[in-house]
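Engineer:
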Amino acid sequence: LSIAHYELLGLRYTGSGPRGLFLAMDKAQTKKILHFHGILTPRFVTVFHGRLEWAHDIDFPVIVKPVREDGSIGIGFRALVGSIKELMERIDQLHADFNHPVLIEQYIDGREINVGVLGNTSATAFPPVELDLSHLPEGTPRIAGTEVKWQEGTRAYRGSKYVVPEDLPAEVVAQLQGAAVTSFQALDLRDYARFDFRLTPDHKAYLIEANPNPYLHSGADFIRGARASGRTHPQTILEIVEAALSRYEVRA
């Protein structure tokens with residue numbers, strides 16, 4: 024059953040409702056909403072079937088990805104393109120594979136950082152977690168694509184690892200956490216979520232994507248952030264359940 028069915032049946036569940044899931048799933052709408060709320064995101068343009076509109080303030084290289092997928096689906100190393108020819112080939116391939124619009128996004132050179140958020144009216148952001156891509160094979164794009172996340176046994180998978188960075192200044196940590204909580208509230212998310220950023224060398228934090236239902240297994244990056252905050256894995260799961268229960272108690 025989908026979350027919408029849960030709502031219709033009056034079933035209780037943890038996590039975001041249909042509205043939050045819909046908003047976070049659509050990367051273009053997410054970026055528009057977050058821009059309105061003062062959150063820095065990469066410049067972008069949306070490409071529909073048969074229509075190519077180019078934003079002249081976006082220069083190569085760019086990231087080209089499906090506008091409505093998650094889990095890095097459709098975002099491999101080939102998502103980073105550096106020419107018009109590569110761009111057109113990539114757009115055609117994504118339109119054929121996914122049959123919905125394509126997002127062309129400014130590539131941000133920097134570190135891959137994510138921040139988990141837990142709670143509701145008093146949402147709390149965890150310490151940042153970094154996906155360290157510095158040991159990827161030479162010539163490999165420094166992006167968190169499907170090769171890095173899912174293709175176990177490959178050099179790309181082995182060459183990346185999650186760490187809790189200790190070199191970030193306190194004001195940068197606060198900036199990341201503040202942006203995550205603001206985004207959580209702006210997208211009407213609930214109970215828990217994760218936000219992915221690119222952090223430039225001069226410490227500008229660009230929000231790349233919102234994940235309203237990140238993995239919660241013991242090795243997941245969301246749980247790594249929870250542990251960095253002093254929570255155990257079971258405590259974190261319990262707090263998610265308690266956050267959901269508190270919503271239903273208020274509603275009752």
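In terms of the working numbering, the sequence shown opens at residue 24 and continues consecutively. Don't be surprised by glycine CBs; every beta carbon is placed ideally from N, CA and C. If you're wondering where the values come from, they're calculated on a predicted model, not measured in any experiment.
1) Could you work out which residue in V171, S25 and S252 is closest to H158 when comparing CA atoms only?
2) Spatial neighbours of L117 within its chain, please: CB distance less than 8 Å, with the 5 preceding and 5 following residues excluded, ordered by chain position.
3) Can you list, in chain order, the residues of its chain with a C-beta nearer than 8 Å to that of H256? Leave out the 5 residues immediately preceding and following it.
4) Shortest alpha-carbon distance to V85 belongs to which of T69, L103 and G99?
5) So if DSSP puts E128 in a beta bridge, which residue, or which two residues, is it bridged to?
6) Measuring alpha carbon to alpha carbon, tell me which of E92, I107, G61 and V70 ends up nearest D82.
7) Alpha carbon to alpha carbon, how far is A243 from T259? Give it in angstroms, no decimals.
8) With C-beta atoms as the reference, is N234 less than 8 Å away from A216?
9) What residue ranges within the segment 122 to 204 form continuous alpha helix (DSSP H) runs of no fewer than 4 residues, ordered along the chain?
10) How would you call F207, buried or exposed, if buried means at least 16 neighbouring beta carbons within 10 angstroms?
11) Just the Cα atoms here: how many angstroms apart are E161 and T177?
12) For S269, which of helix, strand or coil comes out of DSSP?
13) Quick one: measure Cβ to Cβ for A330 and V138, integer angstroms, because I've assumed they're closer than 8 Å.
14) Assign A275 to one of three DSSP states: helix, strand, or coil.
15) How about V140 and F218: do their beta carbons lie closer than 8 Å?
16) With a cut-off of 8 Å on the beta carbons, I'd call P150 and V196 a contact; round off their distance for me.
17) L117 by DSSP, collapsed to three states: which one?
18) Who are the Cβ neighbours of S252 in its own chain at under 8 Å, not counting the five residues just before and after it?
19) If T37 and V264 are in contact, beta carbons under 8 Å, what's the gap, nearest whole angstrom?
20) What does the alpha-carbon distance come out to for the pair D190 and L222?
21) Please classify Y229: does DSSP put it in a helix, a strand, or coil?
22) Can you name, in chain order, every residue of its own chain whose Cβ lies under 7 Å from the Cβ of G168, other than the five neighbours on each side?
23) Can you list, in chain order, the residues of its chain whose CB lies under 7 Å from that of R42, leaving out five sequence neighbours each side?
24) Rounded to whole angstroms, what is the Cα-Cα separation between N143 and L199?
25) Would you grab the beta carbon distance between L44 and I56 for me? Rounded to a whole angstrom, and I think it's under 8 Å.
26) Please determine, among P192, L154 and E128, the residue with the shortest C-alpha to C-alpha distance to A11.
27) Where E135 and L110 are concerned, what is the direct C-alpha to C-alpha distance, given to the nearest angstrom?
Structural biologist: Working from what's here:
1) In the sequence shown, the residue the question calls residue 158 occupies position 135. Here the closest residue by C-alpha is V171.
2) Working through the sequence shown from its first residue, we reach residue 117 at position 94. Cβ within range, chain order: V87, K88, P89, G97 and V125.
3) Reading the sequence shown from its first residue, position 233 is the one you call residue 256. The answer, listed in chain order, is S241, I246, A249 and R250.
4) What you label residue 85 is simply residue 62 of the sequence shown in a count that begins at 1. The shortest Cα separation from V85 among T69, L103 and G99 belongs to L103.
5) Taking the first residue of the sequence shown as position 1, residue 128 is located at position 105. Note: E128 sits in a beta bridge opposite F67 and I86.
6) For this step, residue 82 is matched to residue 59 along the sequence shown. If we check each option's Cα against that of D82, I107 comes out closest.
7) In the sequence shown, the residue the question calls residue 259 occupies position 236. In the sequence shown, the residue the question calls residue 243 occupies position 220. Cα to Cα, the separation comes out at about 12 Å.
8) On the sequence shown, position 211 is the one that residue 234 refers to. On the sequence shown, position 193 is the one that residue 216 refers to. It is a contact, given that the beta carbons lie within the stated cut-off.
9) 169 to 172 and 178 to 181
10) Mapped onto the sequence shown, residue 207 falls at position 184. Counting Cβ neighbours within 10 Å, F207 comes out buried, since at least 16 surround it.
11) As a first step, residue 161 is located in the sequence shown; it is residue number 138 there, counting from the start. As a first step, residue 177 is located in the sequence shown; it is residue number 154 there, counting from the start. Distance between the alpha carbons of E161 and T177: 14 Å.
12) As a working mapping, residue 269 is identified with position 246 in the sequence shown. Correct three-state label for S269: helix.
13) Residue 330 cannot be examined here, being either before or after the span of the chain that is shown, 24 to 275.
14) Within the sequence shown, residue 275 is the residue found at index 252, counting from 1. Unreliable placement is indicated for A275, whose pLDDT of 49 sits below 50; the coordinate value is still reported in the next sentence. In this structure, A275 counts as coil in the three-state DSSP scheme.
15) Position 117 of the sequence shown, counted from the first residue, corresponds to residue 140. Position 195 of the sequence shown, counted from the first residue, corresponds to residue 218. It is a contact, given that the beta carbons lie within the stated cut-off.
16) Translated into positions along the sequence shown, residue 150 becomes position 127. Translated into positions along the sequence shown, residue 196 becomes position 173. With a Cβ gap of about 7 Å, P150 and V196 count as contacting.
17) Residue numbering aside, residue 117 sits at position 94 when the sequence shown is read from its first letter. Three-state result, L117: helix.
18) Position 229 of the sequence shown, counting from 1, holds the residue named residue 252. Counting only Cβ-Cβ distances below 8 Å, and skipping sequence neighbours, we find T147, F149 and P150.
19) Numbered from its first residue, the sequence shown carries residue 37 at position 14. Numbered from its first residue, the sequence shown carries residue 264 at position 241. T37 to V264, Cβ: 6 Å. Contact.
20) Position 167 of the sequence shown, counted from the first residue, corresponds to residue 190. Position 199 of the sequence shown, counted from the first residue, corresponds to residue 222. C-alpha separation (whole angstroms): 13 Å.
21) Position 206 of the sequence shown holds residue 229. Three-state result, Y229: strand.
22) Residue mapping note: residue 168 aligns to position 145 of the sequence shown, counting from 1. These residues qualify, in order along the chain: S95, I98, G99, F100 and A102.
23) Position 19 of the sequence shown, counting from 1, holds the residue named residue 42. Closer than 7 Å at Cβ, skipping near neighbours: D211.
24) If you number the sequence shown from 1, residue 143 lands on position 120. If you number the sequence shown from 1, residue 199 lands on position 176. If I take the Cα positions, the gap works out to 18 Å.
25) If you number the sequence shown from 1, residue 44 lands on position 21. If you number the sequence shown from 1, residue 56 lands on position 33. Between I56 and L44 the Cβ distance is about 14 Å, and since that is not below 8 Å, they are no contact.
26) With the chain running from 24 to 275 in the structure shown, residue 11 is simply not present.
27) In the sequence shown, the residue the question calls residue 135 occupies position 112. In the sequence shown, the residue the question calls residue 110 occupies position 87. Computed Cα separation, rounded: 23 Å.
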